[in-house]
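Since the structure comes first, as structure tokens, the remarks are kept for the end.
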Amino acid sequence: MAEELVQKARILEEEDKLEEAIEVYTQIEKKAEETGDTELASQIYVEKGLVFTRMGNHVEAAEIFKKALENYEKLNDELGIADSAYNLCIALSNMGDNKKAIQNGERALTIYQKQKLPEYIADTTYALGLAYLEDEQNEKGMELLETAFSEYKKLKNEEALASVLVDLGSAQMDLENFEGALEYYKKALKKFEELNDNVGYADTLVCMAEILEEKEELTKAADNYLKAIEIYIKEDFKETAEDYIKRVENMLWDLTKTSRRRIRNLLDTLKENL
């Protein structure tokens, strides 16, 4: 019965019926708690927590990952402890509780390293790097992101490599190392192009445009925004396209007369395609 309900919840997740999936997981959770099935309850806590994470409800996710962690500690289940601590790290980081996020991430990483699980090591190193950066421990954060990049390269995980490059660029941008940030973003663009990930490519163009604005290279910034807008329109991200159209329109009077005319014409064409 429990297996059937778990399968039902997972199908609801695949269909993006997340609130319904939570309801089904709650049914299983209550039954497991009533019967004293700690192992099943722990599994359901983690799965339910992951749905809360997808919903952006990080407070609920953190609370339920804590329950999973406590249960796995009672069961002396090292992998269960690591999985719960890893997911708790992400939830706490999203809540801004970076110290506790780091503590849980380090705990998970130690276990994954002991168990020699490369994919888990890479993912946890990545999550930890972001947590350290959020905690303004920039040197440690960058070091961990570089390590995660190396781990993903060994695993040939191109999607993760592109993602790490973007975060490395963002970290450099936060440090106002604009040239360093641009170099990482250029590498990310190449990865997204290889992956045919058009939205990732557009998002990275926007990151580059923001740096160019900071550097007061406004024509180059506008051109990057325009390229991104064109992609967003093709990919049916119309609201995003509209937001950046407004942004470029606000830049027009800061451009040279020649550039202003050209970019205005391009904007008009893009608005016709919305």
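Residue numbering for the sequence shown follows the working numbering, beginning at 6 and increasing consecutively. Ideal placement from N, C-alpha and C gives every residue a C-beta, glycine not left out.
Would you check if the distance between the CB atom of N229 and the CB atom of L260 is smaller than 8 Å?
The answer is no: Cβ separation not under 8 Å.
Among K192, D128, R266, which has the Cα closest to the Cα of A227?
Selection K192, D128, R266 evaluated against A227 yields R266 as nearest (Cα-Cα).
Cβ shell of L180 (< 7 Å), same chain only, five flanking positions each side left out
Cβ contact annotation for L180 (same chain, cutoff 7 Å, sequence separation greater than five): N143, in chain order.
Which parts of the region 29 to 82 are runs of the alpha helix (DSSP H), unbroken and 4 residues or longer, counting only runs that do not cross its ends?
Here the runs fully enclosed are 43 to 59, 63 to 80.
Pull up the distance between the alpha-carbon of L93 and that of I86, whole angstroms please.
Here the alpha carbon of L93 sits roughly 10 Å from the alpha carbon of I86.
For F242, does the three-state DSSP call read helix, strand or coil?
F242 falls in the coil class under three-state DSSP.
Can you tell me whether E217 is buried or exposed? The criterion is at least 16 other CB atoms within 10 Å of its CB, across all chains shown.
Note on identity: in this sequence residue 217 is Leu, with Glu being the wrong assignment. L217 should be labelled buried.
Less than 8 Å between the C-beta atoms of I33 and I16, yes or no?
No, these two residues do not count as a Cβ contact at 8 Å.
Determine the closest residue to G174 out of A165, N62, E222, E188, with distance taken between C-alpha atoms.
Taking G174 as reference, the option from A165, N62, E222, E188 with the minimal CA-CA separation is E188.
Would you check if the region 56 to 68 and the region 87 to 107 touch, i.e. whether three or more CB-CB distances between them fall below 8 Å?
Note that the region 87 to 107 touches the region 56 to 68; at least 3 beta-carbon pairs, one per stretch, sit closer than 8 Å.
As assigned by DSSP and simplified to three states, the class of Q108
Three-state DSSP puts Q108 in a helix.
To the nearest angstrom, how far is the alpha carbon of D172 from that of Q108?
The straight-line gap from Cα to Cα measures roughly 21 Å.
Our contact map puts L200 next to A246 with C-beta atoms below 8 Å; I'd like the distance itself, whole angstroms only.
Separation of the CB atoms of L200 and A246 is rounded to 21 Å, and the pair is thereby denied contact status at 8 Å.
Count the other CB atoms, across all protein chains shown, that sit within 10 Å of the CB of G41; report buried if there are 16 or more and exposed otherwise.
By the neighbour-count rule (16 or more Cβ atoms within 10 Å), G41 is not buried but exposed.
When you compare only the Cα positions, how much space is there between D128 and Y190?
Approximately 21 Å between the Cα atoms of the pair.
Expressed to the nearest angstrom, what Euclidean distance is found between the alpha-carbon atoms of K196 and L271?
Computed Cα separation, rounded: 27 Å.
In three-state DSSP terms, what is G101?
Per DSSP, reduced to three states, the secondary structure at G101 is coil, with no helix or strand assignment.
Whole-angstrom Cβ separation of Y139 and N162, contact assumed at under 8 Å?
For clarity, residue 139 is Glu in the given sequence; the question names Tyr instead. In fact, because the Cβ distance is near 23 Å, the residues do not count as touching under 8 Å.
So A26 packs on G54, CB below 8 Å; how close in whole Å?
The beta-carbon distance between A26 and G54, rounded to whole angstroms, is 12 Å. This is too long to meet the 8 Å contact definition.
Inter-residue spacing [alpha-carbon to alpha-carbon] between N76 and I95
Cα to Cα, N76 sits roughly 19 Å from I95.
Taking Cβ to Cβ, would you say T130 is nearer than 8 Å to E111?
The answer is no: Cβ separation not under 8 Å.
Identify, in the order they occur along the chain, each residue of the same chain with its Cβ nearer than 6 Å to the Cβ of I69, setting aside the five sequence neighbours on each side.
Correct list, in chain order: Y50, K53, G54.
Report buried or exposed for E44, applying the criterion of at least 16 other Cβ atoms within 10 angstroms of its Cβ.
By the neighbour-count criterion, in which 16 or more other beta carbons inside 10 Å mark a residue as buried, E44 falls on the exposed side.
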